[in-house]
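Novice:
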Amino acid sequence: MRKEPQAPGRERGVMLIEALVAILIFSIGILAVVGMQSVAIKNVTESKHRSEAAFLVNELTALMWTDAGNIALYAYPGMGAVPPKLTNWIARVDANMPGAAVVRPKVTVTLPPPPVPPAPAPVGATVTIELFWQLPEEAGLPPRNHTVIASIFTS
Numbered sequence: 002m003r004k005e006p007q008a009p010g011r012e013r014g015v016m017l018i019e020a021l022v023a024i025l026i027f028s029i030g031i032l033a034v035v036g037m038q039s040v041a042i043k044n045v046t047e048s049k050h051r052s053e054a055a056f057l058v059n060e061l062t063a064l065m066w067t068d069a070g071n072i073a074l075y076a077y078p079g080m081g082a083v084p085p086k087l088t089n090w091i092a093r094v095d096a097n098m099p100g101a102a103v104v105r106p107k108v109t110v111t112l113p114p115p116p117v118p119p120a121p122a123p124v125g126a127t128v129t130i131e132l133f134w135q136l137p138e139e140a141g142l143p144p145r146n147h148t149v150i151a152s153i154f155t156s
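Just add 1 to the spot in the sequence shown (first one is 1) and you have my numbering.
1. How is arginine 13 classed by DSSP in three states: helix, strand or coil?
2. Just checking, does the stretch 130-145 make contact with the stretch 101-119 on the three C-beta pairs under 8 Å criterion?
3. Tell me the DSSP secondary structure of leucine 136 in three-state form.
4. Starting from asparagine 97, follow the alpha helix (DSSP H) in both directions and report where the run begins and ends.
5. Determine the direct distance from the alpha carbon of proline 144 to that of valine 22, and round the result to whole angstroms.
6. At what residues does the beta strand (DSSP E) containing asparagine 146 begin and finish?
7. Could you pull the DSSP bridge partners for alanine 102 from this structure?
Take a look at the structure:
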């Protein structure tokens, strides 16, 4: 028994609906890619600032190692006048870290206890360097930080 073919009028617009569904699926995919790209850019920016903070702290640590005899002159509580030994380093921090001028870096120097005679007195100290930064869009949040504790001694 033969079936009669359906009238072409009943299938009108099916191609348009398929095209619209395809465009919807493609648009959702594009929006997902754009969202992932924005998250990737944010993570790269954050990584850049963390790397810069680590570099600046390592730079100061190396400077202190070469000048261990004057280690107490590097102490800076984060407020007040900047010690002359830290002037150039603080300027680089201000230039490279966003918001660093608002929350100042801190350098804590803990000198060793006096030696028991006849032991020679060690030259150096335990140093804590705290570097802070804050992105403009994070104004209400606590600042990010990078802290390094190093023992700098020479005999």
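A virtual CB, placed ideally from N, CA and C, is assigned to each residue, including glycine.
No experiment lies behind these values; they were computed from the predicted model shown.
Specialist: In this structure, then:
1. To locate residue 13, count along the sequence shown from 1; it is residue 12. Arginine 13: coil per DSSP, three-state reduction.
2. In short, these stretches touch, since the Cβ pair count reaches three.
3. Mapped onto the sequence shown, residue 136 falls at position 135. It is coil, neither helix nor strand.
4. Sequence index remark: in the sequence shown, residue 97 carries index 96 (1-based). Following the DSSP letters along the chain, one finds asparagine 97 inside the alpha helix (DSSP H) bounded by residues 88-97.
5. Position 21 of the sequence shown, counted from the first residue, corresponds to residue 22. Position 143 of the sequence shown, counted from the first residue, corresponds to residue 144. Near 46 Å, if we compare the C-alpha coordinates of proline 144 and valine 22.
6. Walking along the sequence shown from the start, residue 146 turns up at place 145. Annotation: the continuous beta strand (DSSP E) that includes asparagine 146 extends over 145-155.
7. Your numbering for residue 102 matches position 101 in the sequence shown. Paired residue(s): none; alanine 102 is not in a bridge.
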